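Structure first, then comments.
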Amino acid sequence: NINYGDVNLWGIDGSVFFFMKQNLSLECTFSFLGKKKFYNFLTRDYDPINAPKYKINTTMIYMPTSGMNLNISMRHIPEFDWASGVHYGTIHSYTVMDVGIGYNFDSPYDLLLNVSNINNDYHNEIIGGPKLGRHVTLKFSVRL
21 NINYGDVNLW GIDGSVFFFM KQNLSLECTF SFLGKKKFYN FLTRDYDPIN APKYKINTTM
81 IYMPTSGMNL NISMRHIPEF DWASGVHYGT IHSYTVMDVG IGYNFDSPYD LLLNVSNINN
141 DYHNEIIGGP KLGRHVTLKF SVRL
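Going by our numbering, the sequence shown opens with residue 21, and the numbers climb by one from there.
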């Protein structure tokens, strides 16, 4: 591992939350990173920071009073360079949509069905890792 010494890094994260109706809300988040690379004094070249310049995420949540809840979200990650040890390359841009449907019973039980990457956009999130596609989970929980 390399110690880059003194590093100046800046960025901004923002979030806006809208209550559209009593049971319907929308959240939009944005992140911006002001630096894309660090100077590596050993190789006399620049190493990527392993993060995109910006990220965008939106989520719509519907929670009727019946105990049911529904959310749909979208996140967009633009293309960026990645390097870690022997793994290096470009993470290509991807946009992923997720859907979750849950039910909160009057008792201590909850049920949640979540479908991540519903649009089945096969993509890598790290170089050297697997390509990711649609992922479905069903979660049953009990509060004690």
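Virtual Cβ for every residue (Gly too), placed ideally from N, Cα, C. It should be emphasised that the depicted structure is a prediction, and the values quoted were computed from it without experimental measurement.
Across the set L164, I76, P68, P84, the C-alpha of P84 shows the shortest separation from the C-alpha of Y123.
Shortest Cα-Cα distance from H96 to any of G148, V156, H143, L44 involves H143. In the same chain as I121, and ignoring 5 residues on each side of it, the C-beta atoms closer than 6 Å to its own belong to L90, L133, in chain order. N28 sits exposed, since fewer than 16 C-beta atoms from the chains shown fall within 10 Å of its C-beta.
Under the rule that a run must span 3 or more residues, the beta strand (DSSP E) segments found entirely inside the region 50 to 114 read 57 to 60, 65 to 68, 74 to 82, 88 to 97, 100 to 104, 107 to 111.
Restricting attention to beta strand (DSSP E) runs no shorter than 3 residues, the region 112 to 136 encloses them at 114 to 124, 129 to 136, ordered along the chain.
In the structure shown, K151 adopts coil according to DSSP, grouped into three states.
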